[in-house]
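Notes for the one structure printed next.
In my numbering, the protein residues as written are 2 to 100.
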């Protein structure tokens, strides 16, 4: 199964943005056709919406591309793996991005 290279995912109900944990390792282990990525769920710390972990890593909840520039300017974070952007920032797992 193809693992998304986008490093952040969006909780749509509350607009919380989270960093995907261990993305590089998950790509190495699971970016194989027909292989199940992971099982289980994650819960948004803010609004408690529940997401399937596999859906997060395949990109179903990736931070929308139209928000990348604004998010990058606000946080200094590299959005996608394998790009020339320099990772900068606090390394926080969650960002309050939209008001």
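The C-beta atom is built at its ideal place from N, Cα and C for all residues, glycine as well.
Nearest CA to the CA of residue i: which residue from the options?
i, options, result
"residue 50", "15, 26, 60, 81", "15"
"residue 39", "53, 48, 47, 46", "53"
"residue 21", "77, 68, 64", "64"
"residue 57", "79, 78, 35, 44", "44"
"residue 48", "19, 34, 68, 2", "19"
Taking the beta strand (DSSP E) that residue i falls in, what are its first and last residues?
i, result
"residue 82", "Note, residue 82: premise wrong, no beta strand (DSSP E); not H, not E."
"residue 39", "Premise fails: residue 39 is in no beta strand (DSSP E) and is neither H nor E."
Classify residue i as buried or exposed, calling it buried when 16 or more other Cβ atoms lie within 10 Å of its own Cβ.
i, result
"residue 17", "buried"
Going along the chain, which residues of its own chain have a beta-carbon closer than 7 Å to the beta-carbon of residue i, five neighbours each way excluded?
i, result
"residue 28", "4"
"residue 69", "80"
Would you mind giving the Cβ-Cβ distance between residue i and residue j, rounded to the nearest angstrom? I have them listed as a contact below 8 Å.
i, j, result
"residue 126", "residue 60", "The shown model of the chain, from 2 to 100, leaves out residue 126, and the question about it has no answer."
What span of residues does the alpha helix (DSSP H) with residue i cover, start to end?
i, result
"residue 24", "24-31"
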